[in-house]
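Below you'll find the structure, written out as structure tokens, and then a few comments.
Number of protein chains: 2
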Amino acid sequence: MKIALAQINTIIGDFEYNTAKILDYIAQAKEAGADIVVFPELATTGYPPRDFLEFKDFIRRSENSLNQVRKATKDIAVVVGAPSLNPVVEGKDLYNSVVFIYDEKELYRQHKTLLPTYDIFDEARYFEEASTWDIVNFKGKRIALTVCEDLWNLGNDNPLYTINPMDEMMQHQPDFIINVSASPFDYAHASERIKVLKENVRAYGVPLFYVNHVGAQTDIIFDGGSMAIASNQNVVKELPYFEEHLEIFNLEDFSDVQKEIFQTKNKMTLIHDALVLGIKDYFGKIGFKNAILGLSGGLDSAVTAVLATEALGKENVRVLLMPSQFSSDHSIKDAEDLAKNLGIRYDIVSIKDVFESYLTSLNPLLEQKPFDVTEENIQARIRGNLLMALSNKFGNILLNTTNKSEMSVGYGTLYGDLSGGISVIADVYKTEVYELAHYINRHDEIIPNNTIVKPPSAELRPDQKDSDSLPDYEILDEILRLYIEGRKGPNDIISLGFDDKLVNRVLKMVNRNEFKRHQTAPVLRVSPKAFGMGRRMPIVAKYLETK
Amino acid sequence: MKIALAQINTIIGDFEYNTAKILDYIAQAKEAGADIVVFPELATTGYPPRDFLEFKDFIRRSENSLNQVRKATKDIAVVVGAPSLNPVVEGKDLYNSVVFIYDEKELYRQHKTLLPTYDIFDEARYFEEASTWDIVNFKGKRIALTVCEDLWNLGNDNPLYTINPMDEMMQHQPDFIINVSASPFDYAHASERIKVLKENVRAYGVPLFYVNHVGAQTDIIFDGGSMAIASNQNVVKELPYFEEHLEIFNLEDFSDVQKEIFQTKNKMTLIHDALVLGIKDYFGKIGFKNAILGLSGGLDSAVTAVLATEALGKENVRVLLMPSQFSSDHSIKDAEDLAKNLGIRYDIVSIKDVFESYLTSLNPLLEQKPFDVTEENIQARIRGNLLMALSNKFGNILLNTTNKSEMSVGYGTLYGDLSGGISVIADVYKTEVYELAHYINRHDEIIPNNTIVKPPSAELRPDQKDSDSLPDYEILDEILRLYIEGRKGPNDIISLGFDDKLVNRVLKMVNRNEFKRHQTAPVLRVSPKAFGMGRRMPIVAKYLETK
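For the record, the sequence lines run as chains A and B.
Sequential numbering from 1 applies to the first sequence in our numbering.
Sequential numbering from 548 applies to the second sequence in our numbering.
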């Protein structure tokens, strides 16, 4: 029996596009002689469809898609994820289902049991959990159908859940397991996924076919990495990351698999490739080709410019250099060098005159108060306004260049340098941005070395350095990671040897700046805990602020 | 037996403040001779604490608060909502509980059963549901303790749930029911709440004591409206809306209640009072006193200025009038008249010179392209920058003045007029803003009549009117309400008699502008479906966009 895994890139809510994509892959799989072709979780709608699921019209359109798919199942079985209406009045209106269709008939629909409701996931908001489990018989094989999280409570080890659907299905003695997934990328996830899937194979003793989405859906990036695992727990092949792929497996070859085929798990390779795909899909899926960003001569905008150029092509990226009276000479030079290295268009617009005109207009109202963060922010907002003007005039989307360390502590100007349609590196801590820069320069000096080695500065007042107002990034990032990723309280962090005043100051900054994060662009998610839907914090709150 | 209902206003995560508040109300209730004093759901932490619940440190601090409360329960029983650690490994880490404490001992903890996971609610993200139910015995009375949603599945009528905890508790024959709630305001909710609570009393035949939070937590506003209902289903008294209140009820007086005491349910009164409290608490809880906003002479900024003045006092509100070459004379006059009526400080800063300096600086890059939305947006962003400059210099929080119709269709400039710390009327459709203006002017002409009667205009180009680019607000708002509140698809809306081209255009505008809503300030929620956490939409998506 030949089983095809179709790792596809969908667009949320674009039923015509997704259906055409599915039909195309069915045709390819059929051509290659597959008996079954498997698509990811909620493949008709794209994942995550969020509150579109509350629109009956949306579910109706998904059913229409399934109906078109059904007509293409002559001589090939299709396994595909889609939402189902719950026919019972009680409980949530929908199920998250995997549908088995063959010869224009739906043979079986298995609903998802374990509904992730943590981090970016909201499945209990929409779906009722399965309460019955069965398998499907096809060409003499007994097949267990599961959806994503259903395989993540093995041995009831996951504290989040109290049921394990595979245990229920094993009563029917399946010959193999199919899992359709929407399992988002983070730099640590692929290894964990392989481990969990292998454990399932060890526990149940049958081969496993796993299909994941690929592609970015705004902030959420799917890496693919679909795979088949033989019953000896060896990975027959892990499909490529960050690209669409169809792979045909022959079940008969699975009896004695010795060589495992994996993708690299190098952290910077993964982050780099994920961010490039994140930019590419953001633009592609909203129908824009061109990006713009401000190039300061600093590291963050340099890394962002490189990633954008890789994603969109050098002819589709333009940058603005916007010096002020506080800009150093090397900033202009470093920025120019980078633009030349990348072969992207750059223009220089001084913000001096506009800045002066603001000060003149505001002068009667400023009551002779001294230069402070006000004047710094005016500069940042002039730059934002200039970039948005070109964005509006020429249809370039502005890329935000903030890093995760700055986003955490609110080191940035709302409506100024925090502007942009998508935040490219705001889930990458400053210390990791350095690593990424070295990764980018691994063959050639694309990012000027001076940009990497000079002390970081916002250059919004004379001789300013980041270190004037922030602790060293080495220490800051460690504290942030313990608080944000680790969800540790101040005492737990202090007990690890950090200065108590510093810890309290940093945590307070993180909490107080929730209002800024609330108003910034979606953040391409590459870590296990990114800003955005996966981290939901009150804005007006005083946790850790009163001391 | 005397039962006190303590309708309190908490600050999320401010354990010192909340505990002091609870202790103060315990003392007052004791002074008044109460046997029991009841506080709202999650009163120790404030509601909604969101992902702070994932911090063990946060839960520990809540337990500390409970411990302090325990020491104050000599001669008075305290019923209070708080999170509990789930001692079992399986399932979510927490319960959402109501705790009964008397004489320094915790007599009983009942966990919440029905966990709302829709609209703004995320309780399945954090909490395990109760699986055991009992009552507490106190001074010869048998008391059933419930948490909010637990009373909202009467007769198993609520399709969201399959269990009804009160049915379980009735086996123990309670003498009355206590319900601790965190039930957010919307203009239709109070009537619904009374109906549901009365139905509970009818079904179970015993009195009910219901305590709700009051106060705004960023976007979510709690109206209070706590109440006691006698067993003949008459409301003994509904507590005041939008203010803290302690009320003592004598159970012995409940045998024959004839007169019901309610608060007004007039929609504009409720919206007005909710928005005033929303502003007041936003400022009070982040420790700011002063607001700033731009006054255009139009209706939205006028209404916002009035609400801000009521909330903060005229000495704490200042406005900027920022005319351009496209401003009409009446705009300045209308804005000045309003500022004078309110007695608030106003200043006039022309944006002409700054606008010219942008055009000069940008000129080499604009390629002689004609005036378009670019130049409109530059003006809006100059105004945003001027307002933020004064905000930064003097510590005034900028109020956003966008209405819900504009927010829906994206009629506004990101980083320009969409700036601000909190969006005051962005859950109020334009047609409702008119109603609110008439309500404000019910005694005197506070808002100049000319502001109300003139055709709405953004005044960003010569002779511009809203109606140049938008349908009449009467029609637009109806379509928006069907789509946003009603979650109806295009065909359902068209079948109600609306023009199909218009419907498709409007729905597409709503979906396409999700990226703007993602980057704007939190919206004070007054409707059953507001922008923000209660409406979670993908940004990159094509639902209804491809046709």
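The beta carbon of each residue, even a glycine, is placed where N, CA and C say it ideally should be.
Just so it is clear, the structure is predicted and the values come from calculations on it, not from any experiment.
Cβ distance (whole Å) where residue i is taken to contact residue j below 8 Å
| i | j | result |
| --- | --- | --- |
| Ala973/B | Thr998/B | Their Cβ separation, rounded to whole angstroms, is 19 Å, which puts Ala973/B and Thr998/B out of contact at 8 Å. |
| Phe600/A | Arg461/A | The first residue shown for chain A is 1 and the last is 547, placing residue 600/A beyond what the model contains. |
| Met533/A | Val409/A | With 8 Å as the limit, Met533/A and Val409/A do not qualify as a contact, their Cβ atoms being about 21 Å apart. |
| Ile768/B | Leu755/B | Not a contact, Cβ separation roughly 24 Å. |
| Arg416/A | Leu398/A | The displayed chain sequence assigns Gly, not Arg, to residue 416/A. Going by Cβ atoms, the distance from Gly416/A to Leu398/A rounds to 12 Å, so no, they are not a contact pair. |
| Leu321/A | Ala335/A | 5 Å |
| Asn1038/B | Asp57/A | 7 Å |
| Asn939/B | Val373/A | 6 Å |
| Ala20/A | Ala671/B | No, Ala20/A and Ala671/B are not in contact; Cβ-Cβ is about 35 Å, not under 8 Å. |
| Leu786/B | Glu794/B | 5 Å |
| Ala729/B | Asp770/B | So it is not a contact: roughly 11 Å between Cβ atoms. |
Own chain, CB closer than 8 Å to residue i, minus 5 neighbours either side, in chain order
| i | result |
| --- | --- |
| Leu889/B | Ala852, Val853, Thr856, Lys861, Val864, Ile993 |
| Phe39/A | Ala6, Ile8, Ile22, Tyr25, Val78, Val79, Val80, Gly81, Val180, Val211 |
| Ser644/B | Gly628, Ala629, Pro630, Ser631, Arg656, Gln657, His658, Lys659, Val694 |
| Met388/A | Leu398, Ser419 |
| Ala32/A | Lys2, Ala4, Leu246, Ile248 |
Spatial neighbours of residue i in its chain, beta-carbon cut-off 7 Å, leaving aside the 5 residues before and after
| i | result |
| --- | --- |
| Ile1040/B | Ile1026, Leu1029, Tyr1030, Val1050 |
| Tyr161/A | Leu114, Asn153 |
| Leu470/A | Val409, Tyr411, Leu476 |
| Leu362/A | none |
| Lys139/A | Met1, Asp35 |
| Thr978/B | Tyr1020, Glu1021, Asp1024 |
Beta-carbon proximity list for residue i, same chain, < 6 Å, skipping 5 on both sides
| i | result |
| --- | --- |
| Leu270/A | Tyr187 |
| Pro596/B | Ile559 |
| Ala576/B | Ala551, Val584 |
| Met144/A | The question names Met, but residue 144/A in the sequence shown is Ala. Counting only Cβ-Cβ distances below 6 Å, and skipping sequence neighbours, we find Ile135, Met169, Pro174, Ile177. |
Buried or exposed (CB count within 10 angstroms, at least 16 for buried), residue i
| i | result |
| --- | --- |
| Ala72/A | buried |
| Glu601/B | buried |
| Gln379/A | buried |
| Ala190/A | buried |
| His990/B | exposed |
| Gly278/A | buried |
| Gln368/A | exposed |
| Pro1002/B | exposed |
| Asn67/A | exposed |
| Phe808/B | The amino acid at residue 808/B is misidentified as Phe; the sequence shows Ile. That one is exposed. |
| Ser619/A | The question about residue 619/A has no answer, for chain A in this structure spans 1 to 547. |
| Arg749/B | exposed |
| Ser357/A | buried |
| Lys505/B | With chain B represented from 548 up to 1094, any question about residue 505/B goes unanswered, as that position is not in the structure. |
| Gln217/A | buried |
| Lys1089/B | buried |
| His213/A | buried |
| Lys65/A | This sequence places Ser at residue 65/A; Lys is not what is there. Its Cβ being crowded by 16 or more others within 10 Å, Ser65/A is buried. |
| Thr132/A | exposed |
Within the chosen definition, does the segment 826-841 of chain B reach the segment 806-816 of chain B through at least 3 CB pairs nearer than 8 Å?
Not touching, per the Cβ criterion.
Taking Cβ-Cβ distances below 7 Å as the criterion, which residues of the segment 830-844 of chain B are in contact with chain A?
Lys832, Ile833
Taking a Cβ distance cut-off of 8 Å, strictly less, list which residues of the segment 474-497 of chain A are near chain B, in chain order.
Arg487, Lys488, Gly489, Pro490, Asn491, Asp492
Given a limit of 7 Å on CB to CB distance, which residues of the segment 623-643 of chain B reach chain A?
Val636, Glu637, Gly638, Lys639
Residues of the segment 33-49 of chain A with a CB closer than 8 Å to any CB of chain B: list them in chain order, please.
Gly46, Pro48, Pro49
Does the segment 610-630 of chain B come into contact with the segment 645-659 of chain B, if we say contact requires no fewer than three beta-carbon pairs (one atom in each stretch) closer than 8 Å?
A contact exists between the segment 610-630 of chain B and the segment 645-659 of chain B.
Does the count of Cβ pairs from the segment 511-530 of chain A and the segment 1063-1073 of chain B closer than 8 Å reach three?
yes
Check whether the segment 119-135 of chain A touches the segment 87-100 of chain A, counting contact only when three or more Cβ pairs, one atom from each stretch, lie closer than 8 Å.
yes
Compile a chain-ordered list of the residues in the segment 229-261 of chain A whose CB is closer than 8 Å to at least one CB of chain B.
none
Short of 7 Å Cβ to Cβ, which residues in the segment 384-397 of chain A face chain B?
Gly384, Asn385, Leu386, Met388, Ala389, Leu390, Asn392, Lys393
Residues from the segment 510-526 of chain A in contact with chain B, defined by Cβ distance under 7 Å
Phe515, His518, Gln519, Thr520, Ala521, Pro522
Please identify, using Cβ separations under 7 Å, the residues of the segment 124-139 of chain A that lie next to chain B, in order along the chain.
Those would be Ala124, Arg125, in chain order.
Under 7 Å, CB to CB, which of the residues in the segment 867-879 of chain B have a partner in chain A?
none
Please list the residues of the segment 212-231 of chain A that have a C-beta atom closer than 7 Å to any C-beta atom in chain B, keeping them in chain order.
Gln217, Thr218
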